[in-house]
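Student: In UniProt numbering, the protein residues as written are 1 to 146.
Built from N, CA and C at the ideal position, the CB exists for glycine as well.
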Ligand SMILES: [Zn+2]
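1. Sorted by chain position, which residues of the same chain lie with C-beta nearer than 8 Å to residue 102's C-beta, five sequence neighbours on each side aside?
2. Could you tell me if the beta carbon of residue 29 falls within a distance shorter than 7 Å of some heavy atom in ligand 1?
3. If you drop the 5 nearest sequence neighbours on each side, which residues of the same chain put their C-beta closer than 6 Å to that of residue 134?
4. How many angstroms separate the CA atom of residue 38 from the CA atom of residue 81?
5. Would you call residue 26 buried or exposed, if buried means 16 or more other Cβ atoms sit within 10 Å of its Cβ?
6. Can you grab the Cα-Cα spacing for the pair residue 29 / residue 15, in whole Å?
7. Return the chain-ordered list of same chain residues with a C-beta closer than 8 Å to the C-beta of residue 58, the five sequence neighbours on each side being excluded.
8. Apart from the five residues on each side of it in sequence, which residues of its chain come closer than 7 Å, Cβ to Cβ, to residue 85?
9. Would you decide whether residue 54 is buried or exposed? Buried here means 16 or more other CB atoms lie within 10 Å of its CB.
10. Please tell me whether residue 104 and residue 93 are closer than 8 Å, where the distance is taken between their beta carbons.
11. Specify the secondary structure class of residue 91 as computed by DSSP and reduced to three states.
Written out as structure tokens, the structure reads:
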């Protein structure tokens, strides 16, 4: 599965830059749009809050569901990749579980099948996500602590 922007869901090959965060990504276009929204808010002040869903048609709600699910799948894949890396480094299931606020047994049950390297994990670690992590490191956008 190719990495994709968690905001607009465009895949990495359709955007100029994809910046990685903790299980999520944002593309250059969404960063630029966010900067515009923030700049506009500073000049106009906060917009009146309107319930977001009340303005949406039913089909728009249904169309949005697979986008949210795609982002969730990407976050799950990223978490499995990080756990697999922790295990590759020899970190115990007790420490992995502790970091995630769960018991060793629960961590093992949830993630042990990824430590062997599923095709999905290998794709994430070997291509897109790994390359993006390398490219963002010199820019200092996200500090990763092992
Ligand atoms: Zn985007």
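Tutor: The answer reads as follows:
1. Mapped onto the chain shown, residue 102 falls at position 102. Close CB contacts of residue 102 within its chain, under the 8 Å cut and outside five residues either way in sequence, are with 110 (chain order).
2. Residue numbering aside, residue 29 sits at position 29 when the chain shown is read from its first letter. At least one heavy atom of ligand 1 is found less than 7 Å from the C-beta of residue 29.
3. Position 134 of the chain shown, counted from the start, is the residue given in the question as residue 134. Any reading at residue 134 must be qualified, since the residue scores a pLDDT of 34, below 50, and its modelled position is unreliable; the value itself is stated next. Result list for residue 134: empty, nothing under 6 Å.
4. Residue 38 sits at position 38 when you count from the first residue of the chain shown. Residue 81 sits at position 81 when you count from the first residue of the chain shown. One Cα belongs to residue 38, the other to residue 81, and the distance between them is close to 33 Å.
5. Counting from 1 along the chain shown, the entry for residue 26 is found at position 26. Classification of residue 26: buried, given that the 10 Å Cβ count is 16 or more.
6. For the purposes of this step, residue 29 is taken as the residue at position 29 of the chain shown. For the purposes of this step, residue 15 is taken as the residue at position 15 of the chain shown. A direct Cα-to-Cα measurement between residue 29 and residue 15 gives close to 8 Å.
7. For the purposes of this step, residue 58 is taken as residue 58 along the chain shown, with counting starting at 1. Correct list: empty, nothing qualifies.
8. Stepping through the chain shown from its first residue, residue 85 is reached at position 85. Around residue 85: no qualifying Cβ.
9. On the chain shown, position 54 is the one that residue 54 refers to. The C-beta of residue 54 has fewer than 16 other C-beta atoms within 10 Å across all chains shown, which makes the residue exposed.
10. Here the question's residue 104 lines up with position 104 in the chain shown. Here the question's residue 93 lines up with position 93 in the chain shown. Yes.
11. For the purposes of this step, residue 91 is taken as the residue at position 91 of the chain shown. Here residue 91 sits in coil by DSSP.
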